[in-house]
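Asker: Take this structure first; my questions come after.
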Amino acid sequence: MNPIVRAVRGALLNPPQTLDELRHLLGEQQRDLTGATVIVTGASSGIGEAAARRFAARGATVVAVARHLEALDAVCDSIAVDGGSATPITADLSDPDDAKRLADEILARFGAPDVLVNNAGRSIRRSTLDTVDRFHDYQRTMALNYFGPVQLILGLLPAMIDAGDGQIVNVVTWGVSAGAMPKFGAYHASKAALAAFGRSLDAECAGTGVVVTNAGFPLVRTPMIAPTAAYADAPALTSDEAADWLVRAVDTRPAELYPRYALVLRAIGGVSPRLAGQLINRLGI
17 MNPIVRAVRG ALLNPPQTLD ELRHLLGEQQ RDLTGATVIV TGASSGIGEA AARRFAARGA
77 TVVAVARHLE ALDAVCDSIA VDGGSATPIT ADLSDPDDAK RLADEILARF GAPDVLVNNA
137 GRSIRRSTLD TVDRFHDYQR TMALNYFGPV QLILGLLPAM IDAGDGQIVN VVTWGVSAGA
197 MPKFGAYHAS KAALAAFGRS LDAECAGTGV VVTNAGFPLV RTPMIAPTAA YADAPALTSD
257 EAADWLVRAV DTRPAELYPR YALVLRAIGG VSPRLAGQLI NRLGI
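Our numbering numbers the first residue of the sequence shown as 17 and each following residue consecutively.
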């Protein structure tokens, strides 16, 4: 890739330094994660797998969560070969009872986690008109992307507050900041709900030592987007680049991270939300 193109791509797809981060950087540059318990959901592939590897390489005790044990075992075994520590736990976060069971198991085996990364998710790309007979798309997307993480947070939060320290990182989407995601109505709504919950929870937890970070990724080239041919050549982060966001979030504990282009669209939307939505639709992002 041309160095100029690479620089522009990086500038647009990655977040600027936030005030929270700048304050942190005046102190220590890197959080000591040695022995810290880091929960990563959706850890069997894509962003979650890359993040589990990153945190384990930093000395964290990783709890890798996903539905399929065989894939999880492969990730955790690979981490162990590289000298890290990762424990697989299977759970279906779209099932609220299983999400509650997961929280109970984590507390029983590991105690209050230091970091919870809510990464597991589902994306559906369909226009609203094409989903008028598919209400279940909205139900299943909300179940995994919103209700699952909320149930997991509710199960872990009291112990984290009692411990006096902890961080919840919610993987959301750039559209939360930009304000519109045409053809992603179900996905956008579910991630916007999680982001709103996270911001409210962060405010409620002031003074407890627990903070919440919303990480709103741009397009990330993972197995989840593979079926969408329209994105084959679109600018996107790799899973490793997205995992770097999550490590950055844990190191600096900002309230939110969004790509620069989403922040530009948010500024436009502050003047004219409809114009911002039309631009997003025309750009096909």
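Using N, Cα and C, we set each Cβ at its ideal position, and we do this for glycine too.
(1) Return the bridge partner residues of ARG142 from the DSSP annotation.
(2) So the beta strand (DSSP E) GLY171 belongs to, where does it begin and stop?
(3) Which value, in whole angstroms, describes the spacing of the CA atoms of ALA252 and PRO174?
(4) Use the C-beta contact count for ASP218: other C-beta atoms within 10 angstroms, 16 or more gives buried, fewer gives exposed.
(5) Of all the alpha helix (DSSP H) runs that stay within the bounds of the region 54-92, which reach a length of 4 or more residues?
(6) Between ASP48, VAL56, ALA66, which has its C-alpha nearest VAL236's C-alpha?
(7) Once DSSP output is grouped into helix, strand and coil, what is the label at GLY182?
(8) Where do the N-terminal and C-terminal ends of the beta strand (DSSP E) with ASN161 fall, by residue?
(9) Where does LEU49 fall in DSSP's three states?
(10) Helix, strand or coil: how does DSSP classify LEU273 here?
(11) Taking the alpha-carbon of SER288 as reference, which of HIS204, TYR203, LEU299, ALA196 has the nearest alpha-carbon?
(12) How far does the alpha helix (DSSP H) with THR224 in it extend, from its first residue to its last?
(13) Compare the Cα-Cα distances from LEU172 to each of ALA159, VAL226, VAL148 and report the closest residue.
(14) Alpha carbons only, please: which of ARG125, LEU168, GLY232, ILE184 is nearest the one belonging to TYR277?
(15) Report the CB separation of VAL263 from GLN183 in whole angstroms; it is logged as a contact under 8 Å.
(16) Would you give the residue range spanned by the alpha helix (DSSP H) that VAL192 belongs to?
(17) Quick one: Cα of ALA258 to Cα of ILE63, how far?
(18) Start and end of the beta strand (DSSP E) containing GLY104?
(19) Exposed or buried, what is ALA124 when buried is set at 16 or more other beta-carbons lying within 10 Å of its beta-carbon?
(20) Taking ALA73 and ALA52 to be in contact with their CB atoms under 8 Å, please state how far apart those CB atoms are, rounded to whole angstroms.
(21) Tell me which residue opens and which closes the beta strand (DSSP E) that LEU132 is part of.
(22) Helix, strand or coil: which one does DSSP assign to ALA250?
(23) Got a sec? Which residues, its chain only, sit under 7 Å from ILE20 by beta carbon, not counting five neighbours each side?
(24) Tell me the rounded alpha-carbon separation between SER60 and ALA265.
(25) How long is the line joining the alpha carbons of VAL187 and HIS204, rounded to whole angstroms?
(26) Spatial neighbours of VAL166 within its chain, please: CB distance less than 8 Å, with the 5 preceding and 5 following residues excluded, ordered by chain position.
Answerer: Inspection of the coordinates gives the following:
(1) PHE200
(2) Taken as a continuous stretch (DSSP letters only), GLY171 belongs to no beta strand (DSSP E), being part of the alpha helix (DSSP H) at 164-179.
(3) 37 Å
(4) buried
(5) 62-73
(6) ALA66
(7) strand
(8) First-last for ASN161: undefined, no H or E at that position.
(9) coil
(10) strand
(11) ALA196
(12) THR224 -> no alpha helix (DSSP H), and no H or E assigned at all.
(13) VAL226
(14) GLY232
(15) So it is not a contact: roughly 12 Å between Cβ atoms.
(16) 190-194
(17) 6 Å
(18) Here the sequence assigns Pro to residue 104, which means Gly is not the residue at that position. That run of the beta strand (DSSP E) goes 101-106.
(19) exposed
(20) Not a contact, Cβ separation roughly 13 Å.
(21) 131-134
(22) coil
(23) At ILE20 the pLDDT is 48, less than 50, meaning the model places this residue with poor confidence and gives no usable figure here.
(24) 21 Å
(25) 12 Å
(26) LEU210, PHE213
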